[in-house]
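Asker: Residue numbers (my numbering): 219 to 766.
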């Protein structure tokens, strides 16, 4: 049934103008409140997507959200970007696939800004250093385990004096994702990345620190660094042996049915030896020097001075007999003389110089421990049961393990394989579900219900009583008009006609005078009901149907 009837219009027209204006303002405000409540109930709850974004990133994110069909809202006060609460994670994944947000653009983009007329060289150098630091931090943040990074460079001024040269240095602060770490290789990669980006920067002058204040680089003590590398190599070798054993036995005992541990004793002693040897059986002539001297003429006196030494020479001997006197080219005999011949020969022996440096990390001893779970078989009843391994099978497994690790008895290696039933793993408890009041759809539903209740309260608690009061005004006026014998205008409702008939001239004498008390009005109503009960019943029926 419509709330606005002819009686309501007539009642509104009978009100004073000032009251009509106030009533219209109240009705308009009620309608506006109802519309606002409906819109508020249909609007989803917005949550923060990103804050403190650069203008370029904000525009790009808004375009990406438009393409994805995700509604968003920009906070005018803080500039934060808001999306519906149920779409936050979806929006972030969608933007991450597009590489958004890209950052505030304070790297080498700073160099694109035009310099002022009075910009000094110091400001230009500071701007370049800031841009370089930001670019290095962005590059390091691209690593998988690093969420963000900041780089601080200390670049000394270049000096023409050799004695005043200072080396540049750098400090890196990395903010890691929760539960993530950087191993030694990744830290070394960050150090060399920074050192390679700055001229004359020694990697030993680069310091890396995480967000918890832990020093990730250790350049001060080389012995400690060597010890950590030796420890890492030992663990890596042990894990390699463990993987060999598990890969070998898992197909036979089943996945998860073998556990192995290997302890390796390695020798990291550094030894060098230089050896020089000679081979006397292979001499080689390196140089030879020969000299020959001949003295011709009378033989010189010799001997002890005296009579015996002054004796004449003995008789001559024919050349054919002597065989010592040479002849010249003409065949003439040469006079007797002295001849001397000397020869110096230098030999080089075969020499070998050997420089030997023993390799570090040699295995001195291995200790291997292997634990096997019971084997799984099917009994005669078709049931799956577990039974221990036999001694022969354990011996076979032991032999396979020895071959896998390169067992050597002379080194003192030991291998132990035992069979022990494993305890079944405990069932993982499911993650607790969040309370129902923390679900986004619950608050949306509550908003819609609250909006519906508000609209109903506004309609049935405000608008309908007001219109009912307006329709009651003309009814009272018409009853009063019937009591005075006045005729109502044509076109009134059937209710007015019944009232006129009920209070016409025939019954005008029975109506109570104006200002009568309640008992007189009751008595008059009873009298009218006794005189014309049908008409009274018709009037009551019309009243009930109009008010219903």
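Every residue gets a Cβ at the ideal spot worked out from N, C-alpha and C, and that includes glycine.
(1) In three-state terms, what does DSSP make of residue 288?
(2) What does the alpha-carbon distance come out to for the pair residue 407 and residue 575?
(3) Please report the distance separating the alpha-carbon of residue 371 from that of residue 401.
(4) Who are residue 494's beta bridge partners in DSSP?
(5) Given residue 293, which residues of its chain have a CB within under 8 Å of its CB, disregarding the five upstream and five downstream residues?
(6) Of the residues 678, 273, 316 and 317, which one's Cα is nearest the Cα of residue 297?
(7) Just grab the DSSP bridge partners of residue 313 for me.
(8) Can you check which of these residues, 661, 753, 236 and 635, is closest to residue 471 by C-alpha distance?
(9) How many angstroms separate the CA atom of residue 291 from the CA atom of residue 264?
(10) Straight-line CA distance for residue 619 to residue 475?
(11) Can you tell which of 487, 676, 433 and 561 has the C-alpha that lies nearest to the C-alpha of residue 389?
(12) What residue range is occupied by the uninterrupted alpha helix (DSSP H) comprising residue 395?
(13) For residue 541, does the three-state DSSP call read helix, strand or coil?
(14) Quick check for students: name the residue ranges of the beta strand (DSSP E) that lie wholly in the region 232–305, counting only runs of 3 or more.
(15) On a CA-only basis, which of 479, 358 and 681 is nearest residue 587? Give me that one, please.
(16) Using a threshold of 8 Å, state whether the C-beta atoms of residue 592 and residue 612 are closer than that.
(17) Compute the distance between the beta-carbons of residue 279 and residue 318, then report whether it is under 8 Å.
(18) Would the beta-carbon of residue 607 fall within 8 Å of that of residue 584?
(19) In angstroms, rounded to a whole number, what distance separates the CA positions of residue 350 and residue 268?
(20) Here's the rule: buried if 16 or more other CB atoms are within 10 angstroms of the residue's CB, otherwise exposed. What is residue 568?
(21) Within a Cβ cutoff of 6 Å, which residues of the same chain sit near residue 286, ignoring the five residues on either side of it in sequence?
(22) Grab me the residues of residue 623's own chain with a C-beta within less than 8 Å of its C-beta, minus the 5 sequence neighbours each way, in chain order.
(23) Mapping the DSSP letters down to three states, classify residue 408 as helix, strand or coil.
(24) Could you work out which residue in 456, 621 and 659 is closest to residue 579 when comparing CA atoms only?
(25) Look at the Cβ atom of residue 424, then the Cβ atom of residue 412, and state whether they are nearer than 8 Å.
(26) Give me the Cα-Cα distance between residue 718 and residue 757, rounded to the nearest whole angstrom.
(27) Measuring straight from C-alpha to C-alpha, what distance separates residue 748 and residue 683?
(28) Kindly give me the distance between the Cβ atoms of residue 582 and residue 639, rounded to whole angstroms, as I take these residues to be in contact under 8 Å.
(29) According to DSSP, which residues form a beta bridge with residue 508?
(30) If I follow the unbroken alpha helix (DSSP H) through residue 617, where does it start and stop?
(31) In whole angstroms, give me the CA-to-CA distance for residue 236 and residue 680.
(32) Please state if the CB of residue 449 and the CB of residue 503 are separated by a distance shorter than 8 Å.
(33) Going by alpha carbons, who is nearest to residue 295 out of 270, 289 and 304?
(34) Between residue 469 and residue 418, how many whole angstroms is the CB-CB distance? I'm expecting something under 8 Å.
(35) Measuring CB atoms only, is the region 492–512 touching the region 555–563, in the sense that at least three cross pairs come out at less than 8 Å?
(36) Cβ atoms of residue 415 and residue 361: under 8 Å apart, would you say?
Answerer: By the coordinates alone:
(1) Coil, per DSSP.
(2) Taking the straight line joining both Cα atoms gives about 30 Å.
(3) Distance from the CA of residue 371 to the CA of residue 401, rounded to the nearest whole angstrom, comes to 23 Å.
(4) Looking at the DSSP assignment, residue 494 forms a beta bridge with 571.
(5) 299 and 300.
(6) The shortest C-alpha to C-alpha distance from residue 297 to any of 678, 273, 316 and 317 is the one to 273.
(7) For residue 313, which the question treats as bridged, DSSP gives no partner whatsoever.
(8) Its Cα nearest to that of residue 471, the residue 635 stands out among 661, 753, 236 and 635.
(9) Roughly 8 Å between the two C-alpha positions.
(10) Cα to Cα, the separation comes out at about 15 Å.
(11) Nearest Cα to residue 389 within the set 487, 676, 433 and 561: 433.
(12) Counting along the chain, residue 395 falls outside any alpha helix (DSSP H), and DSSP gives it neither H nor E.
(13) Confidence at residue 541 is low in this model, with a pLDDT of 47, below 50, so the placement of that residue is unreliable and no value is reported for it.
(14) With a minimum length of 3 residues, the continuous beta strand (DSSP E) runs that stay inside the region 232–305 are 264–268 and 299–302.
(15) Of the candidates 479, 358 and 681, the one whose C-alpha sits nearest the C-alpha of residue 587 is 479.
(16) No, these two residues do not count as a Cβ contact at 8 Å.
(17) For residue 279 and residue 318, yes; Cβs fall inside 8 Å.
(18) No, these two residues do not count as a Cβ contact at 8 Å.
(19) The alpha-carbon atoms of residue 350 and residue 268 are separated by roughly 26 Å.
(20) By the Cβ neighbour-count rule, residue 568 is exposed, with fewer than 16 other Cβ atoms within 10 Å of its own.
(21) Exclusion of the five residues before and after residue 286 leaves 312 as the residues of its chain whose Cβ lies within less than 6 Å of its Cβ.
(22) Excluding residues up to 5 positions away in sequence, 459, 462, 463, 480, 584, 586, 631 and 633 lie with their Cβ nearer than 8 Å to the Cβ of residue 623 in the same chain.
(23) Helix at residue 408.
(24) Taking only the C-alpha atoms, the option nearest residue 579 is 456.
(25) Their beta carbons are under 8 Å apart, which means residue 424 touches residue 412 by this criterion.
(26) In this predicted model, residue 718 has a pLDDT of only 41, less than 50, meaning its place in the structure is not dependable; the value taken from the coordinates is given anyway. Their backbone Cα atoms lie some 10 Å apart in a straight line.
(27) Roughly 33 Å between the two C-alpha positions.
(28) With 8 Å as the limit, residue 582 and residue 639 do not qualify as a contact, their Cβ atoms being about 35 Å apart.
(29) For residue 508, which the question treats as bridged, DSSP gives the partners 561.
(30) 609–623 is the extent of the alpha helix (DSSP H) around residue 617.
(31) Each residue's alpha carbon lies about 20 Å from the other.
(32) No, the pair does not count as a contact, with Cβ atoms beyond the cut-off.
(33) Among 270, 289 and 304, the Cα nearest to that of residue 295 is on 270.
(34) Not really, about 57 Å apart at Cβ, beyond 8 Å.
(35) Two segments are said to touch when three or more pairs of C-beta atoms, one from each, lie closer than 8 Å; by this definition the region 492–512 touches the region 555–563.
(36) No, the pair does not count as a contact, with Cβ atoms beyond the cut-off.
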